[in-house]
Structures are given as C-alpha cells and as structure tokens.
Amino acid sequence: MCRAVPCPSCSKATWIGCGLHIDAALSGVSKEDRCSEWRTGDDCGLKAKPVDTKPVVKKSVNPAAEKISRTLEQVKAKAAKSKKALETKVEQQGEKIELLEGEVKDLKETEATNFTWLHVAVAAGLSSAFTFVVMRFSRK
Numbered sequence: 001m002c003r004a005v006p007c008p009s010c011s012k013a014t015w016i017g018c019g020l021h022i023d024a025a026l027s028g029v030s031k032e033d034r035c036s037e038w039r040t041g042d043d044c045g046l047k048a049k050p051v052d053t054k055p056v057v058k059k060s061v062n063p064a065a066e067k068i069s070r071t072l073e074q075v076k077a078k079a080a081k082s083k084k085a086l087e088t089k090v091e092q093q094g095e096k097i098e099l100l101e102g103e104v105k106d107l108k109e110t111e112a113t114n115f116t117w118l119h120v121a122v123a124a125g126l127s128s129a130f131t132f133v134v135m136r137f138s139r140k
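Okay, so the sequence shown: first residue is 1 according to the numbering used here, each after it adds one.
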C-alpha cells in the first residue's frame, strides 16, 4: 500500500510503497507541491521508484493443483519407491508361503507315519487301547 511522505531532498510530498496506489496516496496534495525529481533520478533523495523487497508468496486455494504441478521426475521417484516397497512385501509373503509349505509337508509326513502305525496295529489284531497308545507314542 502506498502512502505520502516528504521527500528527503526537497521536502515536497512524494510517495513510498508498492506503486499501485500513488494517486490515492497523493490525492490531497496539489501537483505543484509534489516532488517529481524521483522519476528522472536527478538530485532528489528518492532516485528511483521504490520497490517492495518482500517476496510474494502465492498460496494455492486448491491443494489438488499442487499435486498436478509435480514434475515428471518427482512422479517417477515416487513410483520407484512404491515399486520397491511392493517388491519387499511380495518377497516377505513368498518367504511366509515357503515356511507354511514346509510345515504342511512335515505335517503330512507325520500324519502318514501315524496312519502307518495304525495299520500295523490293526493288522496285528491289537486292541483299540493299544492302538491309541501306539498312535500317541508315534506323535512325540
């Protein structure tokens, strides 16, 4: 926002600010009482048009607009990171499947052994109580 100030050299009224509101800032000052030297850069203390040095930061109203403005490299980097995470999960799941397959194989072998002991006991004509003991013993 612009405002009227006295010129440091000639003491006439001049302005300071962004430059967009000069007419409003100097509206109460006659043209004869205004300093005009700053425009030419001569002896006046304000040799050039004052410029606001604050950086202008524009914030997006729509957060989706920021996502759209991503560069291709950012998208590729995120995709590579996601791919690596997915590959790691697949590898972990594969290890779990192999472990379970091993346990199932061991279980099948154990059950086959128990089933064989049961056939031996029945073929020998042993009592069911003895068969139970043989089966329990073979599982340990």
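For glycine and all other residues, C-beta sits at the position ideal for the given N, C-alpha and C.
Grouping DSSP H, G and I as helix and E and B as strand, with all else coil, what is residue i?
{"i": "Val5", "result": "strand"}
{"i": "Thr88", "result": "helix"}
{"i": "Thr110", "result": "helix"}
Please report the straight-line C-alpha distance between residue i and residue j, rounded to a whole angstrom.
{"i": "Cys10", "j": "Leu20", "result": "23 Å"}
{"i": "Thr14", "j": "Ser27", "result": "11 Å"}
{"i": "Leu72", "j": "Glu87", "result": "22 Å"}
{"i": "Lys76", "j": "Glu103", "result": "41 Å"}
{"i": "Pro8", "j": "Ala79", "result": "60 Å"}
{"i": "Ala85", "j": "Gln74", "result": "17 Å"}
{"i": "Leu99", "j": "Asp106", "result": "11 Å"}
{"i": "Lys89", "j": "Lys81", "result": "13 Å"}
{"i": "Asp33", "j": "Pro6", "result": "10 Å"}
{"i": "Gln93", "j": "Lys83", "result": "15 Å"}
{"i": "Glu91", "j": "Ile97", "result": "10 Å"}
Let me check understanding here. Comparing Cα to Cα, which of the options lies closest to residue i?
{"i": "Met1", "options": "Ala25, Ala13, Cys7", "result": "Ala25"}
{"i": "Ile22", "options": "Asp33, Lys12, Arg3", "result": "Arg3"}
{"i": "Ile16", "options": "Glu101, Ser30, Cys35", "result": "Cys35"}
Residues in its own chain within less than 7 Å of residue i by CB, not counting five upstream and five downstream?
{"i": "Asp42", "result": "The pLDDT assigned to Asp42 is 42, lower than 50, so where the model puts this residue is not dependable; a value taken from the coordinates is nonetheless given after this. Cβ within range, chain order: n/a, list empty."}
{"i": "Val29", "result": "Ala4, Ala13"}
Mark residue i as exposed unless 16 or more other C-beta atoms lie within 10 angstroms of its C-beta, in which case mark it buried.
{"i": "Cys18", "result": "exposed"}
Going by beta carbon distance, what residues of the same chain come within less than 8 Å of residue i, once the five residues before and after it are set aside?
{"i": "Lys108", "result": "none"}
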